[in-house]
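For reference, the structure discussed in these notes is given below.
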């Protein structure tokens, strides 16, 4: 798959100065945007369109520190990244065990309208999971210097990639449980939740 | 290279603008100096008329005078079922693109819009003294692919090469940006006649980067008018015991009156409405509070999209540096108040909210022409694009608020040995189930070489161009062969249909020009006739019997030709009638009765600022 770090002439490192990234995004956009190639031939216009689309996708993948980690993992593994594609790492057993109770409550809530009391409990549980979901994201972003050090030293990346994948898997799992809770609480509006990348 | 103009194709009014030699964007006025062309098209027995002339047909010929057609662009019958009940013209139920029936013929919304575009094109050609063939046209930011495509089709039918479809709020930001009137993170709140958009942009170093956009393509000033009309109908019933709801002409009179009253209530606390109906004259004082109670739920409906745009941009309201108001409906004080509440700062509209979108379109046109090189607009796609997968679930390929142009690739294979075709269903929207989203098109990929099931690897590229319009390409990776794609737009026109319409438009062009001239002449004759009749009724004793006879003869002479198609005869006799009534006018002036001649109808009040 295309290396978006290369599009911006950057090494495959996670710490990126957002101001500098934005500047080079604007610069590349000025060079490739179809607006500035109107007078050119059909082929040159098509090339500008593709180049501009690539720059836009690359910026989207890299501008947000968390999305950047997800993209990095996909890149390392040579997969095509798609919005709902999650890293196929296993969710740790202890987390699954911990969730047993929540899952049970969920099943009950799905089977019949939850009582006020159950609903309050589910909301509380969701709040807790949301905090944890955020904590996982923070941990991922916080690990950026560690990754960059490995790259600088030309060290072995496998271990870190696996750790990142694990955290992403936990996040994906938590997301599912949070969404299920929202649905069980009847607060779901049927919209697809998109995170901003 | 020929000039490129910028066009704001509005629900209520349309404008055309260009950037002059000094680099200043300007709206091009018509011959009478008017900048706003009412987006109204009247199909008369003699041909098609557009704009002010068509507006005068609204009350008289409601079934063949089309207004607010933008609300029907790129729509299917299911989307407009509700809308259709509120307009006096006939919307034909159909499985595909919506059609409007006018007597024995049917027209599509792009064809109706093409008449408005052609009028603007001619207006620009007359003013600039050169042929205009290329344009930028604005659309609401929240318009989906089908609505954008329909707008592009309308341009083609009107003989315009549409180089770019630009979002209205972003166009407005370009007009502000050109004059350095907006910097930093800005929110553009655009409430027009029929649509609402909110766009959040970062303006920095000449780059206009849209961070998020949201909106409602079925919410605008029209809905305010409609709420007021319903209220007036109930009031007429209460006051006079008459139900006018089924009387199309009366409803149109009320609609025009409601619109005028609404505009007046933006600057005044109360407005008086007087409409003469058959058998009674309806009078009503409307206060601003009355209006605000009626429209409050509609105004509040714009706040949800504002919140969602902020969330998608990852910003809090406090992080917005400036709030800019666009669209005529932002003149309504309640709208300003609500906007101020949600963003926590006073919004401004330094540039005329009616003109700013057209001016911005002209700026974008100038960028495309190479005349401006230091400004760049980076817009987004307003809706997520996805394909239907097993179980009717949508798989999102390009999420909403992705900077355009953008592309996504998806891979398909076959499920049966020897299968040579694969079909896919492309949708736009934010819902999880395919059936809840807007169907854009079904694609048939064919010409796949027969292979065992699962062997072919077909790469499909979904590309959203800078217009926000989808292009699809595909190729079979094993053979490198481009698979052919047949597109079946769900609510759009096919290539053949558009070509046919372009051809038809040439055939009708001359007839339409003649029709406009004839109807303008007739309207003028009717106006003079009405004035003279009223004057005679009021000032009969001021003139001699022989003068009265001359006037009666001139009236009869004009009446004899008025319904015909001889334009010169109608004009000559109108002039004659004017001449023989000069003495009458003088006498009335002397009698200080002049003011009494002007008993105005609601649609004449509208012409005033």
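Chains as they are written, first to last, in our numbering: chain F, 27 to 223; chain W, 4 to 612. Using N, Cα and C, we set each Cβ at its ideal position, and we do this for glycine too.
Answer with yes or no whether the minimum CB distance from residue i to chain F is below 8 Å.
i              : result
residue 408(W) : yes
residue 195(W) : no
residue 469(W) : yes
residue 382(W) : no
residue 373(W) : yes
residue 173(W) : no
residue 388(W) : no
residue 370(W) : yes
residue 11(W)  : no
residue 276(W) : no
residue 416(W) : no
residue 392(W) : no
Should residue i be labelled buried (16 or more other beta-carbon atoms within 10 Å of its own) or exposed?
i              : result
residue 400(W) : buried
residue 298(W) : buried
residue 502(W) : exposed
residue 119(F) : exposed
residue 138(F) : exposed
residue 146(W) : buried
residue 58(F)  : buried
residue 122(F) : exposed
residue 192(W) : buried
residue 504(W) : buried
residue 65(W)  : buried
residue 405(W) : buried
residue 418(W) : exposed
residue 1(W)   : Only positions 4 to 612 of chain W appear in the structure, and residue 1(W) is not among them; the question remains open.
residue 191(F) : buried
residue 61(F)  : buried
Please report whether the beta-carbon of residue i lies at a distance below 8 Å from any beta-carbon of chain W.
i              : result
residue 79(F)  : yes
residue 55(F)  : yes
residue 207(F) : no
residue 112(F) : Only weak support exists for where residue 112(F) lies, its pLDDT of 44 falling under 50; the value from the coordinates is given anyway. Taking Cβ atoms only, chain W never reaches closer than 8 Å to residue 112(F), which makes this a no.
residue 201(F) : no
residue 83(F)  : yes
Helix, strand or coil for residue i, going by three-state DSSP, please let me know.
i              : result
residue 92(W)  : coil
residue 183(W) : coil
residue 38(W)  : coil
residue 21(W)  : strand
residue 218(W) : strand
residue 159(W) : helix
residue 345(W) : helix
residue 40(F)  : coil
residue 136(W) : coil
residue 431(W) : strand
residue 85(F)  : helix
residue 63(W)  : coil
residue 117(W) : helix
residue 456(W) : coil
residue 392(W) : strand
residue 330(W) : coil
residue 351(W) : strand
residue 58(F)  : helix
residue 116(F) : coil
residue 1(W)   : Only positions 4 to 612 of chain W appear in this structure, which leaves residue 1(W) out of reach.
Less than 8 Å between the beta carbons of residue i and residue j, yes or no?
i              : j              : result
residue 195(W) : residue 13(W)  : yes
residue 247(W) : residue 231(W) : no
residue 218(W) : residue 201(W) : yes
residue 464(W) : residue 477(W) : yes
residue 626(W) : residue 371(W) : Summary: the structure shown does not reach residue 626(W), with chain W confined to residues 4 through 612, and so no result is reported for it.
residue 563(W) : residue 580(W) : no
Output needed for residue i: all residues of its chain with C-beta closer than 8 Å, excluding positions within five of it in sequence on either side, in chain order.
i              : result
residue 468(W) : 407, 408 and 474
residue 448(W) : 415, 424, 425, 426, 427, 461, 463, 477, 486, 487 and 488
residue 127(W) : 8, 19, 21, 31 and 135
Using a Cβ-Cβ cut-off of 6 Å (strictly less than) and excluding sequence neighbours within five positions of residue i, which residues of its own chain qualify?
i             : result
residue 93(W) : 104
Grab me the residues of residue i's own chain with a C-beta within less than 7 Å of its C-beta, minus the 5 sequence neighbours each way, in chain order.
i              : result
residue 265(W) : 227, 228, 231 and 294
residue 338(W) : 194, 302 and 332
residue 40(F)  : 94, 95, 98, 170, 173 and 174
residue 528(W) : 561, 565, 573 and 577
residue 187(F) : 99 and 102
Where the region 46 to 71 of chain F meets chain C: residues whose CB sits under 7 Å from a CB there: Structure shown: chain C not included; protein chains present are F and W.
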